[in-house]
Structure formats: C-alpha cells, structure tokens
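Take a look at the structure set out below.
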Amino acid sequence: MGNSLVVAAVHGWCAFLVLQGFAQPLYAEVSDGRVSCLASRDDNRPHAKRLPNGYETSVGPSVAAADPSERCTGAIRDPSGNAVFRTDGFNVILDEELTGQDFDGDGKGEVVFRTDTGGGQHCCWSYNVVTLFPKPRKLFDIDAAGMVRFEKDKDGKMVIWQRVPGPDGYADMADRPFAERVFRVRESKLVDCTPEFCPRILAPGNADYDEQMRVLTPNRLKRLRNERGMPDQETASALLSRALQNTFCRRYDDALTMLNQWPEASRRRVKSDFGQSVREDHPSFAARLLGK
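Using my numbering, the letters of the sequence shown map in sequence onto residues 116 to 407.
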C-alpha cells in the first residue's frame, strides 16, 4: 500500500493508520479503549492519532528491533513530521484516559504512554508523561510495579499515588509488603509530597491501615518478638508494610519501632534488607539501619 493512509473511526476519534515504517506481522490495536501495540498479538493494526495542535501520536511495531524486549514503539511527531519523543518496549499503550489531562498546571494537556520494559513478565510497566508546551519534552516516568492512580485535589491539581513494593523474600508475591508514595508536579518536576497525605494514609478508614491494625494486635506483636523463627507471611507483610509507610512519611522513629518488633534472631537481617531497599530516597535512615 506504499505511503497511503487509511482513515478509520476508533472510539470517537479519527485515527490515521500509518502503514509505512511498521514491521510485520506485529500490529497495534485498540485494547480496553487504549491504542496499543501488544507483542503477544498478531491480529491488530498500527495506529496514529492526530492531536488538535497538529502533533501526532503513533503506536506500532518497532522497525527491525534488535532487542526482543523492544518490539513495540510509541512516538510523538511535531507538525513537520519530526519525532520529538519515542518510547520502546515489549508492549506500548497510548493511554487515552490520561492523555489530555493537565499534569503540570499550565492549563494544557499532556500525552501519556504506558511502556512495558520487562519483556512481558508483568513486572516493569511505567507511565511516560510528555508535555508539548512550550516545547515537547518528557515531564517524567513513573514506575508501575504496583498500582499507580491519578486524582485531582480540591484545587484541580494532579496528585499521583504510587504503590511501591517493599523488601523481597519475606512473603510470596500475593502478600509482598507495599506502601504508598504521593507526588505532585512542580516546576515541571515530579516532587514527593507523601508526608502531606500521611494523616490520611495512616488513619482508620484507610484500607491498608485497617488491615495492618487487624493483623498487628498487641498480643501478636508481643508473641512475635519472642519467636525464634520467621513470622508467618501475613504478619511479615503487615509489619514491613507499616514500617515502609512510616519511612515514606518520614516518621523514621516509628518505622524503627516497628522493625524492632521483628524476632530478634533475624532482626539484623531484615533491617539490613529494609535499609538497602530505601537508601536511595532515605539515605540517613538507611544508614541508621545499616549501622553506618
């Protein structure tokens, strides 16, 4: 079909199916209302979407991708056809629910892709948020190892909630400890503002907090300190999740108090593993845990 364009109506907008430059037989498709390139499928079509400002987004197979984990690509082109942003991964989605939302408070909507860089292992998705004004540039990526959700505050400003996994090896994947970090975009940068939300997170009525309170009863913690073996998975997950949330809230003494409830025989090990997991963002607390 050469350079020809096929025009189709897709979920309420006019999509341009750009056939040139896409490898076969991998295609992009509309999945759950999102234009996507899914490496596991071969019955889709490549898509490009024209934005009102003359820019165009496209999702489709990478051309002659040398790395199997980068079989799909998403791109943004300016009105002259020049690529101003590209993301490559095993799967790539143009998130139409988030595209058009204002993340940085300038009154103009951003473009949002979701990229799987884990080779289809369900571990390594991230959101890629790109602004087009005053000139195209990536605002930020945010990992989605756990759930990520987006909401507006009372002033209409975007708030981003990221569920972050804790130390591995103390519970299976279903019970792995998690805690929440909260971000805003300020001066075009992602800023951690978790402590602002901690009165809401560490309070009755929050589902995680209520579950941890159910598990970590005074009697259970008393027995735990005197145990010789490892805690059961439910207890380990609740305790490490609470310690991690206190760390993200910068309530370091509370986090240390919780870690000191761990059975003494393996307490040093768990403190070391915990310290390693948080030292990038909380170096002074990690140093306390690691004895440095």
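Where is the CB? At the ideal position from N, CA and C, for every residue including glycine. Nothing here was measured: the structure is a model prediction, and the numbers come from that model.
What residue does the beta strand (DSSP E) around residue i start on, and which one ends it?
| i | result |
| --- | --- |
| Gln-277 | 273–280 |
| Asp-256 | 252–258 |
| Arg-384 | First-last for Arg-384: 379–393, but that is the alpha helix (DSSP H), not the beta strand (DSSP E). |
| Leu-166 | Run containing Leu-166: none; DSSP gives neither H nor E here. |
| Phe-265 | 263–267 |
| Cys-364 | Element bounds for Cys-364: n/a, residue is neither H nor E. |
What number of angstroms, rounded off, separates the C-alpha of residue i from the C-alpha of residue j?
| i | j | result |
| --- | --- | --- |
| Asn-197 | Tyr-170 | 10 Å |
| Ala-294 | Gln-236 | 22 Å |
| Ser-146 | Lys-253 | Model confidence at Ser-146 stands at a pLDDT of 46, short of 50, so the residue's coordinates are unreliable; what they give is reported in the following sentence. C-alpha separation (whole angstroms): 24 Å. |
| Asp-219 | Val-297 | 15 Å |
| Val-178 | Pro-314 | 49 Å |
| Val-245 | Val-226 | 5 Å |
| Phe-155 | Gly-261 | Note that residue 155 corresponds to Ser in the displayed sequence, not to Phe. The alpha-carbon atoms of Ser-155 and Gly-261 are separated by roughly 22 Å. |
| Glu-342 | Arg-264 | 38 Å |
| Arg-366 | Arg-403 | 13 Å |
| Gln-391 | Pro-280 | 13 Å |
| Ala-401 | Asp-182 | 36 Å |
| Ala-289 | Gln-348 | 10 Å |
| Glu-185 | Gly-233 | 9 Å |
| Gly-215 | Pro-167 | 10 Å |
| Glu-211 | Lys-267 | 17 Å |
Just confirm the distance between the C-beta atoms of residue i and residue j, as a whole number of angstroms; I'd bet it's less than 8 Å.
| i | j | result |
| --- | --- | --- |
| Thr-188 | Thr-202 | 7 Å |
| Cys-364 | Pro-310 | 5 Å |
| Phe-200 | Pro-251 | 6 Å |
| Leu-87 | Gln-376 | Lying outside 116 to 407, the shown extent of the chain, residue 87 is not represented and no answer is given. |
| Asp-256 | Tyr-242 | 7 Å |
| Ala-353 | Asn-361 | With 8 Å as the limit, Ala-353 and Asn-361 do not qualify as a contact, their Cβ atoms being about 13 Å apart. |
What does residue i pair with, by DSSP beta-bridge criteria?
| i | result |
| --- | --- |
| Val-244 | Val-227, Phe-255 |
| Ser-177 | The partner list for Ser-177 (beta bridge, DSSP) is empty, contrary to what the question assumes. |
| Cys-239 | Bridge partners of Cys-239: none, in fact. |
| Gly-204 | Cys-187 |
| Arg-192 | Glu-171, Ala-198 |
Alpha helix (DSSP H) containing residue i: first to last residue?
| i | result |
| --- | --- |
| Leu-371 | 367–374 |
| Leu-403 | Going by the sequence as given, residue 403 is Arg instead of Leu. From DSSP, the alpha helix (DSSP H) with Arg-403 extends over 398–405. |
Compare the C-beta of residue i with all C-beta atoms of chain D and state if any pair is closer than 7 Å.
| i | result |
| --- | --- |
| Arg-365 | Here there is only one protein chain, and chain D is not present. |
Contained alpha helix (DSSP H) runs [length at least 4] in the region 269–353, N- to C-terminal order: Entirely contained in the region 269–353, the alpha helix (DSSP H) runs reaching 4 residues are, in chain order, 309–316, 322–330, 333–340.
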